[in-house]
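A.B. asks: Sequence lines, in order, name chains A and B. Residue numbers for the first sequence follow our numbering, beginning at 16 and rising by one. Residue numbers for the second sequence follow our numbering, beginning at -12 and rising by one. Ideal placement from N, C-alpha and C gives every residue a C-beta, glycine not left out. The structure displayed is predicted, hence computed values, not measured ones.
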Amino acid sequence: MDRKIRVLVGKPGLDGHDRGAKVVARAYRDAGMEVIYSGLHRTPAELVQAAIDEDVDVVALSILSGAHNALVPAVLEGLRAQGIDDVLVLVGGIVPEHDVPGLKAAGVSAVFGPGTPLDTIVEYTKNHVRRAI
Amino acid sequence: MERRERFQTISGLPVRPCYRPEDAAQLEYPRDLGDPGQYPFTRGIHHTMYRGRLWTMRQFSGFGTALETNARFRYLLEQGQTGLSVAFDMPTIMGYDSDHPRAYGEVGVVGVAIDSLADMEILFSGIPLGQVSTSMTINAPASVLLAMYVAAGAKQGVPGDRLSGTVQNDILKEYIAQKSYVFPPAPSMRLITDIMAYCSRHVPRWNTISISGYHIREAGSTAAQELAFTLADGMAYVEAGMAAGLDVDVFAPRLSFFFNAHNDLFEEVAKYRAARRIWARAMKEKYGARDPRSWLLRFHTQTAGCSLTAQQPENNIVRTTVQALAAVLGGTQSLHTNSMDEAWALPSEKAATIALRTQQILAEESGVVNTVDPLGGSYFIEALTNEMEQAAHAYFQAIERMGGVIPAIEKGFFQREIADAAYAYQRRVDSKAYGVVGVNCYEVPEKVEIPLLRIHPETERRQVERLQQVRRERDNAQVEAALGRLESCARGQENVMPAMVEAVCAYATVGEIMDRLRQVFGVYREPALF
């Protein structure tokens, strides 16, 4: 590996449930990636800006407020509006199965629900990162 | 030869093969246990406990608009629920109106959207507020929602001294775990002491804070951390009340607690027993409370949402049953049982009904209500209760060395402790050291097909229209004057609550009131640590 994978772990929206985000952030770090954690209560625009400023390869969004159908596509649209189409976007949280196809159509690569082993998330991320590492 | 090298509780406390009299040998019955209803209340706060009165069955619910939630409330009361518990949506919790840009996509999603007294009137329409007690899970804007409840009661002809219920109003655990804070700690604590003073005079049966370990545990803490951090928060509120010049015996009897019930049955029972003993001793000996009601740790319990699995969701009914049993064996005063579908969405009506029936089966069929503290005297339970107490005292000392709860929050102490425990737990699950049925053992390929509650897509638009109608129809000069008075109380020393009630009666909105207070108090930002 020539350089480390850079990941933005982002918390869009108003919910403060950060257990999953923090656990996944640590798992990424322990797997040798560079992790930037957005902190809480971020708007889609703030997350897009952070992804640009930090020049990340992956945006991993954690959301448990049920607002994923509104906020996740807004992040993807924001990235595209900035001409960014090679960032891997992942979602974790409480997401009903019937919402998954819509998120994927918006450009999300994978949705990880409760009970997903950390290694599954880490391996998926390594195997699907789109930029040359 | 044993199946494993080590046996431990879900929180990682080592457990020996068998407990014997010497494991609880130092216990002196009158000093450390006492009969139920006797100091230090280890065995329970009431002499007769569930023989006298069952716990309150109080299911947390709320979604969509006030009208939809009112229908769910009436349904739950018809089904035998004995108290109400309101779940608010994220914009209400964070003090934004439904038409605020940050509310986009979140209106009515995790709870009910409340913008003004007009919504509150609908929420409790046809529900006699003089007879039902209501718990409201609201923290940063607790003063606003309490004022709306008082106003809604008045509109029904129910005066404040006949209202009963709880506002969660526990801001310290928001900084520590749940993260729905708005203002910085100092003004937040001032709002809390204003509520304590106001309620002691005007709403005397109201529980002014529900000091909550639930969210600390959900964020990933161990049982001992939940116990220690919650009681440390409780003591910080007592100290704040006394520092504000209130007599401890005036406000302490209205403090209540809220704990998690996780999977490890004995550890949980020990936690509740230790909590009562620690609190009674602290209130009597450390804070000098003389009214025995100040010594009592009364608590609500909710089964552990974080223990529920998305896989094979029907199994969650069984998990919830074990957890609810722990709460009852531990002497809870009220209980919420989670629904099986909550790793996917908010509960459907069917799932919520099964959750309520779980409590009713424990109460009517299991026989566990027939005697008080049935596990008391078990060598294991008494040893574990002592261990919990000692672990809590070690944390109290660590917190004191940091200068108290607020400095410890500002140093990120609690947040780091919880994040460490959460990560260690996840690694134990991933390595199969701790088995989770359907997740790391007994898995089956499945397509989960349970009917899920879906929030009506028109909810946000409807709520915003209603809000704008309220703004058009009210007397805006009256609103402005009331907000001005509220702001001047907030800037000065005067209790904000009377001005708050006046503002909500003029139909000032949650967002307008909170914006005024944001201007006065500023907002809190936490360091983004992981």
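Residues of chain A with CB closer than 9 Å to the CB of Leu439 (chain B), please, in chain order.
C.D. replies: Position 452 of the second sequence, counted from the first residue, corresponds to residue 439 (chain B). Here the neighbours are Pro111, Glu112, His113.
A.B. asks: How would you write the range of the alpha helix (DSSP H) that Glu49 (chain A) sits in, first residue to last?
C.D. replies: Start at 1 with the first residue of the first sequence, and residue 49 (chain A) comes out as number 34. Looking at the DSSP string, Glu49 (chain A) is not in any alpha helix (DSSP H); the run it does join, the beta strand (DSSP E), is 49 to 52.
A.B. asks: In three-state terms, what does DSSP make of Ile78 (chain A)?
C.D. replies: By 1-based counting over the first sequence, the position of residue 78 (chain A) is 63. Strand.
A.B. asks: Closer than 9 Å by beta-carbon distance: list the chain A residues that pair up with Ser72 (chain B), in chain order.
C.D. replies: As a first step, residue 72 (chain B) must be located in the second sequence, where it is residue number 85. The contact set of Ser72 (chain B) on chain A, defined by CB atoms closer than 9 Å, is empty, because the minimum CB distance reaches about 19 Å.
A.B. asks: With a cut-off of 8 Å on the beta carbons, I'd call Ser53 (chain A) and Gly25 (chain A) a contact; round off their distance for me.
C.D. replies: Locating residue 53 (chain A) in the first sequence gives position 38, counting from the first residue. Locating residue 25 (chain A) in the first sequence gives position 10, counting from the first residue. Their Cβ separation, rounded to whole angstroms, is 4 Å, which keeps Ser53 (chain A) and Gly25 (chain A) in contact under 8 Å.
A.B. asks: Look up Ile198 (chain B) in the DSSP assignment and say whether it is helix, strand or coil.
C.D. replies: Within the second sequence, the letter at position 211 stands for residue 198 (chain B). Note: Ile198 (chain B) maps to strand in three-state DSSP.
A.B. asks: Taking only beta carbons into account, state which residues of the segment 322 to 342 of chain B come closer than 7 Å to chain A, listed in chain order.
C.D. replies: Ala330, Trp331, Ala332
A.B. asks: Are the beta-carbon atoms belonging to Leu333 (chain B) and Leu440 (chain B) less than 7 Å from one another?
C.D. replies: Counting from one through the second sequence, the residue named residue 333 (chain B) turns up at place 346. Counting from one through the second sequence, the residue named residue 440 (chain B) turns up at place 453. Taking 7 Å as the Cβ cut-off, Leu333 (chain B) and Leu440 (chain B) qualify as a contacting pair.
A.B. asks: Just confirm the distance between the C-beta atoms of Leu295 (chain B) and Ala330 (chain B), as a whole number of angstroms; I'd bet it's less than 8 Å.
C.D. replies: Taking the second sequence and counting its residues from 1, one reaches residue 295 (chain B) at position 308. Taking the second sequence and counting its residues from 1, one reaches residue 330 (chain B) at position 343. Correct: roughly 5 Å between the Cβ atoms.
A.B. asks: What are the uninterrupted segments assigned as alpha helix (DSSP H) that are 4 or more residues long and contained completely in the segment 265 to 291 of chain B, given in chain order?
C.D. replies: 279 to 282
A.B. asks: What residues of chain A sit near Tyr494 (chain B), judged by a beta carbon separation below 8 Å?
C.D. replies: Within the second sequence, residue 494 (chain B) is the residue found at index 507, counting from 1. Those do not exist, as Tyr494 (chain B) stays about 24 Å from chain A at its closest Cβ, beyond 8 Å.
A.B. asks: Pull up the DSSP beta-bridge partners for Trp193 (chain B), would you.
C.D. replies: Sequence index remark: in the second sequence, residue 193 (chain B) carries index 206 (1-based). Answer by DSSP bridge pairing, in chain order: B:Gly152.
A.B. asks: Using a Cβ-Cβ distance under 7 Å, would Ala411 (chain B) count as near chain A?
C.D. replies: As a first step, residue 411 (chain B) must be located in the second sequence, where it is residue number 424. False, the Cβ-Cβ gap to chain A never drops below 7 Å.
A.B. asks: Going along chain A in order, which residues have a C-beta closer than 9 Å to the C-beta of Glu93 (chain B)?
C.D. replies: Within the second sequence, numbered from 1, the residue matching residue 93 (chain B) stands at position 106. Within 9 Å Cβ-Cβ: Gly28, Leu29, Asp30, Ser80, Gly81, Ala82, Ala85, Leu86.
A.B. asks: Which residue's Cα is closest to the Cα of Glu161 (chain B): B:Glu460, B:Arg89, B:Gly200?
C.D. replies: In the second sequence, the residue the question calls residue 161 (chain B) occupies position 174. Checking every option, the nearest Cα to that of Glu161 (chain B) belongs to B:Gly200.
A.B. asks: For Ser167 (chain B), decide whether its Cβ has a neighbour in chain A, counting only Cβ atoms nearer than 7 Å.
C.D. replies: As a first step, residue 167 (chain B) must be located in the second sequence, where it is residue number 180. Closer than 7 Å to some Cβ of chain A, the Cβ of Ser167 (chain B) qualifies, so yes.
A.B. asks: Going along chain A in order, which residues have a C-beta closer than 8 Å to the C-beta of Met77 (chain B)?
C.D. replies: The residue you call residue 77 (chain B) lines up with position 90 of the second sequence. Those within 8 Å of Met77 (chain B) in chain A are Gly28, Leu29, Asp30, Ser80, Ala82.
A.B. asks: Using only CA atoms, which one of B:Asn463, B:Asp417, B:Val451 lies nearest to Asp134 (chain A)?
C.D. replies: Residue mapping note: residue 134 (chain A) aligns to position 119 of the first sequence, counting from 1. Ranked by how close their Cα comes to the Cα of Asp134 (chain A), the residues B:Asn463, B:Asp417, B:Val451 have B:Asp417 in first place.
A.B. asks: Going by beta carbon distance, what residues of the same chain come within less than 7 Å of Leu86 (chain A), once the five residues before and after it are set aside?
C.D. replies: As a working note, residue 86 (chain A) is residue 71 in the first sequence. Closer than 7 Å at the Cβ level, and outside the excluded window around Leu86 (chain A), lie Pro27, Gly28, Pro59, Ile78.
A.B. asks: Could you pull the start and end residues of the alpha helix (DSSP H) that His380 (chain B) belongs to?
C.D. replies: Indexing the second sequence from 1 puts residue 380 (chain B) at position 393. Per DSSP, the unbroken alpha helix (DSSP H) holding His380 (chain B) starts and ends at 366 to 388.
A.B. asks: If we define contact as Cβ-Cβ less than 7 Å, is Thr180 (chain B) a contact residue for chain A?
C.D. replies: Taking the second sequence and counting its residues from 1, the one referred to as residue 180 (chain B) is at position 193. Cβ-Cβ to chain A under 7 Å: no for Thr180 (chain B).
A.B. asks: State yes or no: is the C-beta of Thr290 (chain B) within less than 7 Å of the C-beta of Gln310 (chain B)?
C.D. replies: Position 303 of the second sequence, counting from 1, holds the residue named residue 290 (chain B). Position 323 of the second sequence, counting from 1, holds the residue named residue 310 (chain B). Against a cut-off of 7 Å, the Cβ pair of Gln310 (chain B) and Thr290 (chain B) comes out as a contact.
A.B. asks: Going by the C-beta, is Val39 (chain A) closer than 6 Å to any heavy atom of the ligand MN?
C.D. replies: Summarising the ligand content, the structure contains no ligands, and the ligand MN is consequently not present.
A.B. asks: Just the C-alpha distance for Val38 (chain A) and Gln413 (chain B), rounded to the nearest angstrom, thanks.
C.D. replies: Within the first sequence, residue 38 (chain A) is the residue found at index 23, counting from 1. Within the second sequence, residue 413 (chain B) is the residue found at index 426, counting from 1. If I take the Cα positions, the gap works out to 8 Å.
A.B. asks: So if DSSP puts Pro1 (chain B) in a beta bridge, which residue, or which two residues, is it bridged to?
C.D. replies: Walking along the second sequence from the start, residue 1 (chain B) turns up at place 14. In the DSSP output, where bridge partners are listed per residue, Pro1 (chain B) has B:Gln(-5).
A.B. asks: Provide the residue(s) that pair with Thr29 (chain B) in DSSP beta bridges, ordered along the chain.
C.D. replies: Here residue 29 (chain B) is taken as the residue at index 42 of the second sequence, counted from 1. Paired residue(s): none; Thr29 (chain B) is not in a bridge.
A.B. asks: Going by the beta-carbon positions, is the gap between Leu473 (chain B) and Ala486 (chain B) smaller than 7 Å?
C.D. replies: Taking the first residue of the second sequence as position 1, residue 473 (chain B) is located at position 486. Taking the first residue of the second sequence as position 1, residue 486 (chain B) is located at position 499. Taking 7 Å as the Cβ cut-off, Leu473 (chain B) and Ala486 (chain B) qualify as a contacting pair.
A.B. asks: Just to make sure I have the definition right: I need the residues of chain B whose C-beta is within less than 8 Å of the C-beta of Leu55 (chain A). Which are they?
C.D. replies: Indexing the first sequence from 1 puts residue 55 (chain A) at position 40. Chain B residues near Leu55 (chain A): Lys166, Glu513, Ala515.
A.B. asks: Just list the residues that DSSP pairs His323 (chain B) with in beta bridges.
C.D. replies: Taking the second sequence and counting its residues from 1, one reaches residue 323 (chain B) at position 336. DSSP, once it has assigned bridges, lists B:Gln289 as partnering His323 (chain B).
A.B. asks: Just the C-alpha distance for Leu312 (chain B) and Ala267 (chain B), rounded to the nearest angstrom, thanks.
C.D. replies: Counted from its first residue, the second sequence places residue 312 (chain B) at position 325. Counted from its first residue, the second sequence places residue 267 (chain B) at position 280. Rounded to whole angstroms, Leu312 (chain B) to Ala267 (chain B) spans 24 Å at the Cα level.
A.B. asks: Nearest chain A C-beta to Met222 (chain B) closer than 7 Å, yes or no?
C.D. replies: By 1-based counting over the second sequence, the position of residue 222 (chain B) is 235. No, Met222 (chain B) lies away from the interface with chain A (no Cβ there is under 7 Å from its Cβ).
A.B. asks: Just to confirm, is the Cβ distance from Asp157 (chain B) to Ile182 (chain B) under 7 Å?
C.D. replies: Sequence index remark: in the second sequence, residue 157 (chain B) carries index 170 (1-based). Sequence index remark: in the second sequence, residue 182 (chain B) carries index 195 (1-based). Result no, Cβ atoms of Asp157 (chain B) and Ile182 (chain B) do not sit closer than 7 Å.
A.B. asks: Using alpha carbons as the reference points, say which of B:Gln13, B:Pro438, B:Thr35 lies closest to Pro23 (chain B).
C.D. replies: Locating residue 23 (chain B) in the second sequence gives position 36, counting from the first residue. Closest option to Pro23 (chain B), Cα to Cα, is B:Thr35.
A.B. asks: Do Gly92 (chain B) and Ala82 (chain A) have their C-beta atoms closer together than 7 Å?
C.D. replies: Working through the second sequence from its first residue, we reach residue 92 (chain B) at position 105. Working through the first sequence from its first residue, we reach residue 82 (chain A) at position 67. Contact flag set, yes.
A.B. asks: If you draw a straight line from the C-alpha of Gly152 (chain B) to the C-alpha of Ser122 (chain B), how long is it?
C.D. replies: In the second sequence, counting from the first residue as 1, residue 152 (chain B) sits at position 165. In the second sequence, counting from the first residue as 1, residue 122 (chain B) sits at position 135. The alpha-carbon atoms of Gly152 (chain B) and Ser122 (chain B) are separated by roughly 5 Å.
A.B. asks: Could you list which residues in chain A have their beta carbon closer than 9 Å to that of Gln289 (chain B), in chain order?
C.D. replies: The count along the second sequence starts at 1 and reaches residue 289 (chain B) at position 302. Within chain A, no residue comes near Gln289 (chain B); the closest Cβ sits about 15 Å away, beyond 9 Å.
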